[in-house]
Every structure is written in structure tokens, then in C-alpha cells.
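Chains as they are written, first to last, in my numbering: chain P, 31 to 156; chain W, 31 to 156; chain C, 31 to 156.
These notes concern the structure reproduced below.
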Amino acid sequence: MPLVRISLLKGKSRAYRKAIQDGVYQAMREAFDVPEDDCFMLIDEYKPSNFIYSHSYLGIIRDDDLAIIQITANNTRTLEKKKALYARVVELLAENPGVRPENIFINLVEVQKENWSFGNGIAQYG
Amino acid sequence: MPLVRISLLKGKSRAYRKAIQDGVYQAMREAFDVPEDDCFMLIDEYKPSNFIYSHSYLGIIRDDDLAIIQITANNTRTLEKKKALYARVVELLAENPGVRPENIFINLVEVQKENWSFGNGIAQYG
Amino acid sequence: MPLVRISLLKGKSRAYRKAIQDGVYQAMREAFDVPEDDCFMLIDEYKPSNFIYSHSYLGIIRDDDLAIIQITANNTRTLEKKKALYARVVELLAENPGVRPENIFINLVEVQKENWSFGNGIAQYG
């Protein structure tokens, strides 16, 4: 059920974007109780003037490999689960495609279970 | 007040996209207490590698006509209203432009009434 | 920590988009308790058929200079803060790049502090 929006600077290869997608999905599977095959993601690619980020906020050094990952998910996870998700996304994306940990920005938007319809006009979790 | 983000694969005609927009608006009018003329929608069109979805999650068979519809709206609707909205969107989009019910993915993000300014720097519902 | 999505019609100059970005950031700094250098924004530019808005909802006259600004931020602000933010965004964007107050649409999506990771896989505010 998570709906994931991944924002990147333009110019990353298809393999790079696929690795980001796969890593986020695997992290959600392992650390965030997301069911198998529950994968809905949109990737937006920006030109530099439309992709604005702080290069050093909180002392974290970001560059043009920054990935901004906004995940809308059910409001059923504990703080520990959220922390585990952040850590696992960073680990997996460091392995492949090789994103520095400082370049992973994650934001969770939480909703009620009844706020999803996966098809057929039914609230499958409602 | 809803702000609607509709995500589609690239390649749909203008008439197709207009029918999606009109159907979602009509469903919100009929089933979700949205006032007349309260219509704010953004349509994003994706290339296949950036539009990632499960083809069978929950046994629902999706294909490249999938429409991912994310609606940010006030947190004032009951579960029954939400269910009515999902069902009505599916009905109307099945009629025109002819989207299969399994290809309609809907997610609601709820906010407080005071979280909107429709212009002039004022919280019109606050 | 706010993540800001700004949606505009295609065709605005780089200077115009930069002025929007700077005005929203300055307003968040002055009126919304956003720390210095905490600036993460994505600008999406739409063709007319994908940028749908009411030209007169609530008696507010909008035109093709409409800016739809969706801000995801912590749920720590009072109603007064929100009102101050709306008003300040409108003031600053009226000065530069010269957007009419009726053309500023703002929506806030609120989340918990623990819902952010600014890098390194850590919940910095958690």
C-alpha cells in the first residue's frame, strides 16, 4: 500500500533508477511490514533549477545524487519500525546503485487504512 | 478543496485525460461533498520505467491503463463516504474513458480544514 | 524539514521560478519557524491540459499564473502560524515575481517529527 514518490535530478540511467526502486521496495519488505508484491512507485526527474535542496542542512553534505523519497503509508508503524526503514533504505541504496548515505532524504506521510482503494472501487483495508 | 494528483502512463490522449479529470470531479461532487467548481487537479504522465506498479497485488489485475489517483482532502468524511467515492470514481471512469475497475488506484491524504488557502493569503476554511 | 511541491504552468522563466522558491522559503523562515538552510523544494511545470484549476472558486479569480504550493511539514504549528504563513507567502510573491494574491493556492500536509530522515538513515527529529 505504500505509494512512493521518488524525486531525482535528471540524467540518472535506467539501471540506476531501477536500483533505487528495488532498494526502496526491499527495505519496505524487510523493515516496514510491506506485503510481497505491494509496490507502487512514481519516479520524477527534475532539471537542476526545479530540484532545490540544502547542501548542508543539519551538517549533512548533499549533492546532485540526492534522492528525495516520499512514502505515503498506513499509520500503523512504531517509531522503531520507521527508524529501521530509514536505516535499511540507506544500507541498500549504498550497495546498489551506490548512493552516499547523506544523499537519502525520506519523508513519511501517514494515512488511515481505509484511505486506500487498490482497484475495483473497494476499500480493501477499510 | 481537494487537491488531486493523477498519475498515468504517457501516451493517453487529451480526451482520455479530460475524461479522467471529469469523472473524478463528478464523483467527488456526487459522493464526497465537494462543492461545485472546487476543482484543482494535476496530471502527471510517466514513461514506463518511472511508473512502477504491481500487476496483481491483492489479486487485482492491473495494466498500463492504471490510474493512480491521490487526493488530499479535509478529514471530515466518514468511512461510508470514502467507500462511496471509490465506487463512484470506478463507475464513472468505466463509462468514460472506459477504464477497467481494476485499473483505478485511489489514495486519500487527510488534512485539517485550516490547512488550505485558496488565494489571497487567507485560511478560508480555518 | 518542510518538503515543498510547487506546481506551475509551463513557460515561466527561470528567474520567475527562482523568485517563487525564494519567497516561499523566506516566508517559511519568517512566519513558520523553519530553520535556516532547511530548504527542500520540487517545482513541477505542467502543460495546460494537465494543470486544472477553478477560475473562480470562492469568488477568487485565478488565471494562468496560479501557483499551487503543497507543503509537507511537522504538525507543530498553531492556526495562527498557518495564517501567518499564508499571508506572508502572498505578500512576498506579490513583490517578486509579482504574483497576484488570488493566484496563490497553499495546502499543508502535516506529519509527525519522527517521519523525516534528512540523510544517513537516521530520524534526526525522532
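Where is the CB? At the ideal position from N, CA and C, for every residue including glycine.
Bear in mind the structure is a predicted one, so any value in this text is a computation, not a measurement.
Proximity of residue i and residue j at Cβ, strictly below 8 Å
{"i": "C/A97", "j": "C/N137", "result": "no"}
{"i": "C/Y76", "j": "C/K40", "result": "yes"}
{"i": "C/S147", "j": "P/F135", "result": "yes"}
{"i": "C/Q56", "j": "C/L122", "result": "yes"}
{"i": "C/A49", "j": "C/P127", "result": "yes"}
{"i": "P/Q61", "j": "W/K113", "result": "Contrary to the premise, residue 61 of chain P reads as Ala rather than Gln in this sequence. Cβ atoms of P/A61 and W/K113: not closer than 8 Å."}
{"i": "W/V129", "j": "W/D95", "result": "yes"}
Outcome for residue i when other beta-carbon atoms lying within 10 angstroms are tallied against a minimum of 16
{"i": "W/T102", "result": "buried"}
{"i": "P/P32", "result": "buried"}
{"i": "P/D74", "result": "buried"}
{"i": "C/I91", "result": "exposed"}
{"i": "P/S84", "result": "buried"}
{"i": "W/G53", "result": "buried"}
{"i": "C/S79", "result": "exposed"}
{"i": "C/S37", "result": "buried"}
{"i": "P/G151", "result": "buried"}
{"i": "C/A45", "result": "exposed"}
{"i": "P/N145", "result": "buried"}
{"i": "C/E140", "result": "buried"}
According to DSSP, residues forming a beta bridge with residue i
{"i": "W/N104", "result": "W/V141"}
{"i": "P/E75", "result": "P/L38"}
{"i": "W/A97", "result": "W/I134"}
{"i": "C/F81", "result": "W/L72"}
{"i": "C/S86", "result": "The partner list for C/S86 (beta bridge, DSSP) is empty, contrary to what the question assumes."}
{"i": "P/L33", "result": "P/F70 and P/T102"}
{"i": "P/S43", "result": "Paired residues: none, contrary to the question."}
8 Å Cβ cut-off: residues of chain A touching residue i
{"i": "W/R92", "result": "Considering every chain present, this structure includes no chain A. Its protein chains are P, W and C."}
**Message:** Counting beta carbon pairs with one atom in the region 111-124 of chain P and one in the region 109-120 of chain C, are three or more of them shorter than 8 Å?
**Reply:** Counting Cβ pairs under 8 Å, fewer than three are found: no touch.
**Request:** Using a Cβ-Cβ cut-off of less than 7 Å, give me the residues of the region 133-148 of chain C that come near chain P, in sequence order.
**Result:** V139, V141, E144, N145, W146, S147 and F148
**Asked** Taking any Cβ of chain P, which residues in the region 55-83 of chain C have a Cβ under 9 Å from it, in chain order?
**Response** Along the region 55-83 of chain C, going in chain order, the ones with a CB nearer than 9 Å to a CB of chain P are Y55, P65, E66, D67, D68, C69, F70, M71, L72, I73, D74 and E75.
**Request:** Examine the Cβ distances between the region 33-42 of chain W and the region 66-81 of chain W and report whether three or more of them are shorter than 8 Å.
**Result:** Judged by pairs of C-beta atoms under 8 Å, the region 33-42 of chain W touches the region 66-81 of chain W, as three or more such pairs exist.
**Request:** Taking only beta carbons into account, state which residues of the region 97-111 of chain C come closer than 8 Å to chain W, listed in chain order.
**Result:** I98, Q100 and L109
**Prompt:** What residues from the region 113-124 of chain C come within 8 Å of chain W, judged by C-beta to C-beta, listed N to C?
**Reply:** K113, Y116, A117, R118, V119, V120 and E121
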